[in-house]
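Report on the following structure.
In the working numbering, the protein residues as written are 16 to 333.
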């Protein structure tokens with residue numbers, strides 16, 4: 016028997032069909048929105064693109080090794096040698112020497128020649144009684160050389176061997192010696208690095224006389240260059256006062272033969288290699304000028320460094 020579909024049933028079917036259609040449209044729209052968002056997000060070029068570039072294996076190992084080094088240098092517990100973990104291996108120190116020309120002044124012609132030819136590392140010590148000594152000290156200092164002043168000290172041969180009215184004497188009143196010292200220092204006008212103790216085999220044995228002299232030098236910031244003599248009190252007093260003291264290693268006589276001078280220069284080099292730092296003292300004379308010039312020019316070829324005399328007090332010349 017044929018049954019007619021009621022209007023109510025038709026209405027239900029139409030609503031069900033429309034629901035399916037609308038649901039499908041919404042679902043497709045959602046999927047389309049998600050896909051579009053996804054594509055848009057990954058289509059933008061990242062600002063940190065270098066971090067997305069793969070490292071080669073060897074580069075990665077190198078980076079890890081460097082980072083590890085950095086971490087260790089930061090967290091490593093300091094040892095008894097605080098800089099051990101970061102300092103590079105020290106190279107053996109080369110032999111060093113200083114050359115000081117003493118008694119400079121009377122022969123200004125040779126001095127001017129020396130200023131043009133000799134390296135700036137050599138030093139000049141002026142005799143305090145030289146005419147216009149202050150002006151000469153200023154000229155030499157302005158040329159870039161270190162300058163000292165001779166300090167005449169009483170020797171065992173005094174008064175037969177007398178170095179003038181500036182000589183500081185054993186058993187003289189302290190005020191007298193200090194007055195002479197002040198006059199000598201005044202000639203330096205603050206341009207000198209120190210004093211060269213000229214002679215002194217008698218007064219240098221007296222602590223009573225040398226203590227106020229060395230104390231004055233320490234107070235004014237000068238170094239003391241002197242000869243090592245038997246029973247000398249200079250070294251212990253300098254240590255007590257913390258005064259930069261440099262004993263001369265060898266006196267290079269200017270009036271000896273060229274052969275003897277070369278032998279003495281060789282001895283000075285040998286001592287430099289053995290001791291590390293040494294000081295040679297010589298007179299500035301025309302007779303020895305060329306020999307010393309050639310010797311100074313070739314020191315570096317024998318692996319010896321020429322240094323200013325002020326640097327020797329830091330290197331322990333002995």
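Every residue, glycine too, gets a C-beta built ideally from N, C-alpha and C.
- Per DSSP, residue 125 is not a residue of any beta strand (DSSP E); the alpha helix (DSSP H) it occupies stretches across 123-132.
- Taking the C-beta atoms as reference points, residue 119 is found no nearer than 7 Å to residue 296.
- Residue 229 and residue 141 have their C-alpha atoms spaced approximately 19 Å apart.
- Listed in chain order, the non-local C-beta contacts of residue 159 below 7 Å within the same chain comprise 135, local neighbours out to five positions each way being set aside.
- Counting the other Cβ atoms within 10 Å of the Cβ of residue 176 gives fewer than 16, which makes it exposed.
- The Cβ atoms of residue 212 and residue 164 do not sit closer than 7 Å to each other.
- Linking residue 201 to residue 188 through their CA atoms gives a straight-line distance of about 20 Å.
- Taking a contact as a CB-CB distance under 8 Å, the pair residue 325 and residue 137 does not count as one, their CB atoms being some 12 Å apart.
- It is roughly 10 Å from the alpha-carbon of residue 183 to the alpha-carbon of residue 170.
- A distance below 7 Å between beta-carbons, with the five flanking residues on each side excluded, links residue 157 to no residue of its chain.
- Excluding five sequence positions before and after residue 225, the CB atoms of its chain that fall closer than 7 Å to its own CB belong to 218, 219, 248, 249 and 252, given in chain order.
- In the structure shown, residue 138 falls within a strand segment according to DSSP collapsed to helix, strand and coil.
- Within its own chain, the residues whose Cβ lies closer than 8 Å to the Cβ of residue 283, once the five positions on either side in sequence are excluded, are 112, 264, 265, 267, 293 and 295, listed in chain order.
- About 7 Å separates the Cβ atoms of residue 130 and residue 155, confirming a contact at the 8 Å cut-off.
- With fewer than 16 other Cβ atoms from the protein chains shown falling within 10 Å of its own Cβ, residue 234 counts as exposed.
- Annotation: the continuous alpha helix (DSSP H) that includes residue 304 extends over 301-312.
- In this structure, the CA atom of residue 300 is about 8 Å from the CA atom of residue 122.
- The beta carbon of residue 153 sits closer than 8 Å to the beta carbons of 204 and 206 from its chain, once the five residues preceding and following it are set aside; these are given in chain order.
- In the DSSP assignment, the residues bridged to residue 214 are 168.
- Rounded to whole angstroms, residue 323 and residue 310 show a C-alpha spacing of 16 Å.
- DSSP lists 296 as the beta-bridge partner residues of residue 266.
- Spanning the alpha carbons of residue 132 and residue 279 requires a straight line of approximately 22 Å.
- If you draw a 10 Å sphere on the C-beta of residue 180, you find fewer than 16 other C-beta atoms in it, and that means exposed.
- DSSP places residue 203 inside the alpha helix (DSSP H), whose first and last residues are 189-203.
- Within the same chain, Cβ atoms closer than 6 Å to the Cβ of residue 286 are found at 264 and 293, the five residues on either side in sequence being excluded.
- Residue 221 sits close to residue 185, with the two beta carbons spaced by under 7 Å.
- Apart from sequence neighbours up to five positions away, the residues of its chain that approach residue 125 with a beta-carbon distance below 8 Å are 299, 300, 301 and 304, ordered along the chain.
- Contact annotation, residue 258 with residue 232: C-beta distance approximately 6 Å; criterion of less than 8 Å satisfied.
- With contacts defined as CB atoms closer than 7 Å, residue 210 and residue 166 qualify as a contacting pair.
- Residue range 319-321 is occupied by the beta strand (DSSP E) that includes residue 320, with no alpha helix (DSSP H) assigned at that position.
- Closest in alpha carbon position to residue 144, among 174, 172, 315 and 178, is 178.
- Inclusion of residue 109 and residue 320 in the CB contact set at 7 Å is warranted, their separation being smaller than that value.
- Counted as a single uninterrupted DSSP element, the beta strand (DSSP E) harbouring residue 111 occupies residues 110-119.
- Between residue 243 and residue 227, the CB-CB gap reaches or exceeds 7 Å.
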